[in-house]
Amino acid sequence: AQQVPDILSPEFAANPYPAYRAMREHAPLIWHEATNSYLISRYRDVERAFKDKDSLYTTDNYAWQIEPVHGKTILQLSGREHAVRRALVAPAFRGRDLQEKFLPVIESNARELIDGIRHKGEADLVDSFATRFPVNVIADMLGLDKADHARFHGWYTTVIAFLGNLAGDPDVTAAGERTRIEFAEYMIPIIQERREHLGDDLLSSLCAAEVDGVRMSDEDIKAFCSLLLAAGGETTDKAIASIFANLLVNPEQLAAVREDRSLIDRAFAETLRYTPPVHMIMRQTATEVTVSGGTIPAGATVTCLIGAANRDAERYKDPDRFDIFRDDLTSTTAFSAAADHLAFALGRHFCVGALLAKAEVETGVNQLLDAMPDMRLADGFVPSEQGVFTRGPQSLPVRFTPVDA
Ligand code: HEM
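Be aware that the sequence shown starts at 4, since it is given in the UniProt record's numbering, and climbs by one per residue.
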């Protein structure tokens, strides 16, 4: 009988990839008592769950998972209600809004953070850049006061701790629930005020959006903003840390990207395949579902292991190798990246912020490479990843020749 991997054990947290491989090869469907869910790990099974062409899966289970910290968000909606909400929020994350309104915000936030470190000659890219940049961008996109960025960052920290709390630490749960209240007390008056004085920011777009006579309530908008802390903050934070970790330990690939910046796209797609920021996404079965290895009953929670599926040898040649030149990577845009890996999910909940994330990563990588032409890992430092639900390097100390801003 196959040993059930303990995804809550320190060994799994240190390196989940051997367990992922064992699952894909020998136990592609496992009942996992501790998370009360079925684990699926093969690319084709996870892809099918996300695409959900046959309406076998729902996102109902998100209620208990994220409602205590965010309230009801787009992730918990399904069917027509989801389609309308998606149409309300999506335009703000692409096209003219992204290019004209938000690209300058992304560029100036990257510059500001880099100006704070470029004269130092050494920096931790995670602490001084990756964990700050995407959250600051979201706060600025929403049109929040600069003076509130530190509070916004604090909420970000408690929200992601809540979501990553697979082991159920009660203090972390309580802090997350407190954040939901504080965040609402902060956001709702701002939303109400913004409705009276619409501007050019994301919050104004959300307030003004109307589709088929439907508009979002104050609570809907607040929940969406709260979701952005995790969905848009932590994910992009980890993507930036991981792209640098992957390139810094593969200096010839870093040199190629430095030389030809159009390769950032490939480096981003390969990073999302090889080291996805989100390793686990939950779904619930609407009916009985047959997958590799057996049958899942109706109404069960299914943990889709993105980190495992993205290294499936049935899908990728030499899957455990980071290679931005691999020929089974085709994407040049974040949307076609859907064909390359499962890091943004697929189907109706496909990441609404994929293009924004791509713009942030491109800008961040370009500006950091420009500011630090000889960036290298601190002597002897070997990057390692942390986290089970979401995953990425916790620190990335680098050295470079200092330059004055
Ligand atoms: C959805 C990953 C960046 C906003 C998702 C989902 C994944 C994901 C896996 C699907 C969740 C599910 O189906 O349950 C990522 C990764 C990112 C990233 C890896 C960075 C590299 C962003 C950014 C934003 C964002 C920058 C916005 C600021 C959202 C929203 C959804 C979502 C609102 C829900 C969409 C829906 O339910 O229709 N993302 N995301 N994400 N993402 Fe992202």
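From the three backbone atoms N, C-alpha and C, an ideal C-beta is built for every residue, glycine too.
Please read all numbers here as calculations on a predicted model, not as lab measurements.
| query | result |
| --- | --- |
| Using CA coordinates, which residue listed in Asn39, Val391, Arg135, Leu145 is at the minimum distance from Ala153? | Arg135 |
| Do the segment 383 to 401 and the segment 106 to 121 touch if we need at least three Cβ pairs shorter than 8 Å? | no |
| Going by DSSP, name the residue or residues bridged to Arg379. | Arg402 |
| Hey, out of Ala52, Arg45, Gly202, whose CA is closest to Leu349's CA? | Ala52 |
| Among the candidates Leu147, Phe105, Arg218, Glu262, whose CA atom is the shortest distance from the CA of Ala86? | Arg218 |
| For His344, is the beta carbon positioned less than 6 Å from some heavy atom of the ligand HEM? | no |
| If you pair each beta-carbon of the segment 133 to 152 with each one of the segment 168 to 181, do three or more pairs fall below 8 Å? | no |
| For the ligand HEM, I want to know if Ile284 counts as a neighbour, meaning its beta carbon is within less than 6 Å of at least one of the ligand's heavy atoms. | yes |
| Between which two residues does the beta strand (DSSP E) holding Ile43 run? | 40 to 43 |
| Taking all protein chains shown into account, decide if Ala4 is buried (16 or more other Cβ within 10 angstroms of its Cβ) or exposed. | Reliability fails at Ala4, whose pLDDT of 43 lies under 50, so the model's placement of it is uncertain and no value is given. |
| Spatial neighbours of Phe105 within its chain, please: CB distance less than 6 Å, with the 5 preceding and 5 following residues excluded, ordered by chain position. | Met144 |
| For a quick check, are the C-beta atoms of Ala311 and Arg27 less than 7 Å apart? | yes |
| Sort out for me which residues DSSP pairs His35 with in a bridge. | Ser40 |
| Ala4 by DSSP, collapsed to three states: which one? | The predicted model places Ala4 with a pLDDT of 43, which falls under 50 and marks its position as unreliable; any figure quoted below should be read in that light. In this structure, Ala4 counts as coil in the three-state DSSP scheme. |
| Would Ala340 be called buried (16 or more neighbouring beta carbons within 10 Å of its own) or exposed? | Per-residue confidence for Ala340 stands at a pLDDT of 48, beneath the threshold of 50, marking its modelled position as unreliable; the derived number appears in the next sentence. Ala340 should be labelled buried. |
| Our contact map puts Tyr60 next to Thr288 with C-beta atoms below 8 Å; I'd like the distance itself, whole angstroms only. | 6 Å |
| Whose CA, out of Ser245, His122, Ile77, Asp63, lies closest to the CA of Val305? | Asp63 |
| Out of Phe328, Met190, Arg198, Glu363, which one is the CA nearest neighbour of Ala242? | Glu363 |
| Using 6 Å as the cut-off, classify the Cβ of Phe347 as near or not near the heavy atoms of the ligand HEM, replying yes or no. | yes |
| Measuring alpha carbon to alpha carbon, tell me which of Ala234, Pro192, Asp263 ends up nearest Asp221. | Pro192 |
| Confirm, please, whether the CB-CB distance from Ala233 to Ile163 is below 7 Å. | yes |
| Measuring only the C-alpha atoms, how far is Asp367 from Leu380? | Asp is not the amino acid found at residue 367; the sequence shown has Gly there. Approximately 17 Å, taken between the alpha carbons. |
| Could you check whether the Cβ of Thr238 sits closer than 6 Å to any heavy atom belonging to the ligand ZN? | Absent from the structure shown: the ligand ZN. Ligands present: the ligand HEM. |
| Roughly how many angstroms lie between the CA atoms of Arg83 and Trp158, to the nearest whole one? | 31 Å |
| Out of curiosity, what's the CA-to-CA distance linking Gly235 and Ala22? | 28 Å |
| Write down every uninterrupted run of the alpha helix (DSSP H) in the segment 189 to 267 whose length is 4 residues or greater and which is fully enclosed by it, in chain order. | 205 to 211, 221 to 231, 238 to 251, 254 to 262 |
| Please report the Cβ distance between Leu359 and Phe96, rounded to the nearest whole angstrom; I am assuming they are in contact, meaning their Cβ atoms lie under 8 Å. | 5 Å |
| Got a sec, what are the start and stop residues for the beta strand (DSSP E) Thr288 sits in? | 283 to 288 |
| Ignore the nearest five residues each way along the sequence and tell me which others in Arg394's own chain have a CB closer than 6 Å to its CB. | His282, Glu388 |
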